[in-house]
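J.: Mapping of the sequence shown onto our numbering: residues 263 to 666, in sequence order. Ideal placement from N, C-alpha and C gives every residue a C-beta, glycine not left out.
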Amino acid sequence: MDRAVCEHHLNVSQAVSSIAQKKRVMAGERQDAIREEINKLLGAGYIREVQYPQWLTNVVMVRKANGKWRMCVDFRTLNQACPKDTYPLPRFDMMIDRTFGYEVMSFLDAFSGYHQIWMAKEDEEKTAFITDYGTYSYNVMPFSLKNAGATYQRMIDVVFKGQRGKNLEAYVDDILVKSKTLTEHLGDLRETLDTLRRYNLKLNPAKCTFGAASGKFFGYLVSSRGIEANLDKISAILNMPFSKTTKEIQKLAGRINSLGRFISKAGDRCSPFFRCLRNNKKGEWTDECESAFTELKKYLTSASVLVEPREGTVLSLYLGVSDTAVSAVLLDDEKGVQHPIFYTNHMLLDTESWYPILEKLALALLMTARKLRPYFQSHTIQVVTDQPLLKILHTPEVSGRLLK
Numbered sequence: 263m264d265r266a267v268c269e270h271h272l273n274v275s276q277a278v279s280s281i282a283q284k285k286r287v288m289a290g291e292r293q294d295a296i297r298e299e300i301n302k303l304l305g306a307g308y309i310r311e312v313q314y315p316q317w318l319t320n321v322v323m324v325r326k327a328n329g330k331w332r333m334c335v336d337f338r339t340l341n342q343a344c345p346k347d348t349y350p351l352p353r354f355d356m357m358i359d360r361t362f363g364y365e366v367m368s369f370l371d372a373f374s375g376y377h378q379i380w381m382a383k384e385d386e387e388k389t390a391f392i393t394d395y396g397t398y399s400y401n402v403m404p405f406s407l408k409n410a411g412a413t414y415q416r417m418i419d420v421v422f423k424g425q426r427g428k429n430l431e432a433y434v435d436d437i438l439v440k441s442k443t444l445t446e447h448l449g450d451l452r453e454t455l456d457t458l459r460r461y462n463l464k465l466n467p468a469k470c471t472f473g474a475a476s477g478k479f480f481g482y483l484v485s486s487r488g489i490e491a492n493l494d495k496i497s498a499i500l501n502m503p504f505s506k507t508t509k510e511i512q513k514l515a516g517r518i519n520s521l522g523r524f525i526s527k528a529g530d531r532c533s534p535f536f537r538c539l540r541n542n543k544k545g546e547w548t549d550e551c552e553s554a555f556t557e558l559k560k561y562l563t564s565a566s567v568l569v570e571p572r573e574g575t576v577l578s579l580y581l582g583v584s585d586t587a588v589s590a591v592l593l594d595d596e597k598g599v600q601h602p603i604f605y606t607n608h609m610l611l612d613t614e615s616w617y618p619i620l621e622k623l624a625l626a627l628l629m630t631a632r633k634l635r636p637y638f639q640s641h642t643i644q645v646v647t648d649q650p651l652l653k654i655l656h657t658p659e660v661s662g663r664l665l666k
């Protein structure tokens, strides 16, 4: 990547003094992994040896799923000295929606994406790290830096400014080329590859898929049919044993949250798990949790396929309330057939659980409007309920909570 197009600046605060850490002791197979990674980075030209750096940090070894070690650099002290880059990242849910209806797709993955961007010359030595094999700094943008994601997205937006939202979607180093027909796709793919070549950006062939009818993009399975939950995420829940510890229940809750868009009334279905974590410090697994877990597994085997709302259509929003949660589903009505677009839910706090039904409905509408703001801004939404919510919201005697 040409420096004139993009390079990473740290913008370290002048009010912060540099910090040089003492070398941490590493031994055994960790040392072997460090030596191997150092040699690989030197061979690729990603790092160089430095002397007398003012900033100096250590490496951290993290064990990967396959049992091998990954070398990371602990940039926490350096990151604390850097202001936050507020460059906006795209909303991935809106990008996912824009994949609906495309028959042919190619999924591209950048080769060591961050390492294709140079560090600013004046900031290179600030990335220095110490090992038993020497002291090195990065010539390219490393992972773990505070604003690396923002810099990379800024570069992507510049490089693909003529394609994003049209025949291409990109979130950091994940790129999706989409087309209506195979003939169109050949042209769209050629345009994309020409752009990558012009900016000297490289792909990882082993992680690229070309001309597919469906594939994984940012954790979702996308196709012309619609948006589906990632089968790997569903399988991870289906294959989980009944949880016995707080940590296992927290892991289950996290996996459920990642699939929340696809689960109708997720708060009600999963309230035993969340209540177990909230009320029971030991996180003990109860019969109620076991029953809810069994029902959740059954539901996930036939989770809904979500669609993108058609332009200019009136969307329907159904609200649901219970003693434990409020929820909603946004639907597109096509020739009398309703297709789900997005499920939302909100677990009620202790004080919220005492709200009257009308106030819970208003809360459900408020939480949904905040979460699905782009849909509310681009479409007319009709709220479907058997309660006179609109009439009450416009009365002078409306309560303080409803008014808010």
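Take Arg-286 and list the residues in its own chain whose beta-carbon comes closer than 7 Å to its own, dropping the five residues that flank it on each side.
T.: Same-chain partners within the cutoff: Asn-320.
J.: What are the boundary residues of the alpha helix (DSSP H) that Asn-519 is part of?
T.: 508-520
J.: Taking His-641 as the reference, which of Pro-618, Ser-584 and Glu-573 has the closest Cα?
T.: Ranking Pro-618, Ser-584 and Glu-573 by Cα distance to His-641 puts Glu-573 first.
J.: Indicate the three-state DSSP secondary structure (helix, strand or coil) for Trp-667 in the structure shown.
T.: Given that the chain is displayed from residue 263 to residue 666, the structure contains no residue 667 and the question cannot be resolved.
J.: Hey, Lys-559 and Ile-643: beta-carbon distance below 8 Å or not?
T.: no
J.: Just verifying my parser: in three-state terms, what is the DSSP assignment at Pro-467?
T.: The answer is helix: DSSP assigns Pro-467 an H, G or I state.
J.: What span of residues does the alpha helix (DSSP H) with Gly-411 cover, start to end?
T.: 410-421
J.: With a threshold of 8 Å, are at least 3 pairs of Cβ atoms found where one atom belongs to the region 366-375 and the other to the region 435-451?
T.: Yes, since at least three Cβ pairs between the region 366-375 and the region 435-451 fall closer than 8 Å, the two stretches touch.
J.: List, from N- to C-terminal side, the alpha helix (DSSP H) runs of 4 residues or more that fit wholly inside the region 549-631.
T.: 549-562
J.: Using a 10 Å radius around the Cβ and a threshold of 16 neighbouring Cβ atoms, would you call Tyr-349 buried or exposed?
T.: exposed
J.: Secondary structure at Ser-374, three-state DSSP: helix, strand or coil?
T.: coil
J.: Please list the terminal residues of the continuous alpha helix (DSSP H) segment that includes Arg-338.
T.: 338-342
J.: Do you know whose CA, among Arg-353, Arg-332, Ala-624 and Ile-418, lies nearest Leu-579's CA?
T.: Ala-624
J.: Roughly how many angstroms separate the alpha carbons of Cys-334 and Leu-577, rounded to a whole number?
T.: 47 Å
J.: Beta-carbon separation of Ile-281 and Thr-339 under 8 Å?
T.: The answer is yes: Cβ separation under 8 Å.
J.: Verify whether the separation of the beta carbon atoms of Leu-370 and Cys-268 is less than 8 Å.
T.: no
J.: Drop a sphere of 10 angstroms on the beta-carbon of Pro-503, count the other beta-carbons inside from all chains shown, and report buried for 16 or more, exposed for fewer.
T.: Exposed, by the Cβ-count rule.
J.: What is the DSSP secondary structure of Ile-379, reduced to helix, strand or coil?
T.: coil
J.: In the DSSP assignment, the alpha helix (DSSP H) including Ala-295 goes from what residue to what residue?
T.: 291-306
J.: So what does DSSP say about Ser-533, is it helix, strand or coil?
T.: Three-state DSSP puts Ser-533 in a helix.
J.: Ser-526 and Tyr-637 look like a contact to me (Cβ under 8 Å); what is the Cβ gap, rounded to whole Å?
T.: Wrong, their Cβ atoms sit about 17 Å apart, outside the cutoff.
J.: Return the CA-CA distance between Lys-428 and Thr-454, expressed in angstroms with no decimal places.
T.: Cα atoms of Lys-428 and Thr-454: separation of roughly 12 Å, rounded to the nearest angstrom.
J.: On a CA-only basis, which of Pro-534, Asp-549, Lys-383 and Gly-522 is nearest Ser-589? Give me that one, please.
T.: Gly-522
J.: Between the C-alpha atoms of Phe-391 and Ala-515, what's the straight-line distance to the nearest angstrom?
T.: Distance between the alpha carbons of Phe-391 and Ala-515 is about 37 Å.
J.: Can you tell me the Cβ-Cβ gap for His-601 and Met-629, rounded? I've got them flagged as a contact below 8 Å.
T.: Taking the Cβ atoms as the reference, His-601 lies roughly 22 Å from Met-629, outside the contact range of under 8 Å.
J.: So if DSSP puts Asp-436 in a beta bridge, which residue, or which two residues, is it bridged to?
T.: As computed with DSSP, Asp-436 is found in a beta bridge with Asp-371 and Tyr-433.
J.: Relative to the C-alpha of His-447, which candidate in Gly-473, Thr-647 and Tyr-398 has its C-alpha closest?
T.: Selected option, being the one with the closest Cα: Gly-473.
J.: Is the distance from the Cβ of Phe-337 to the Cβ of Leu-407 below 8 Å?
T.: yes
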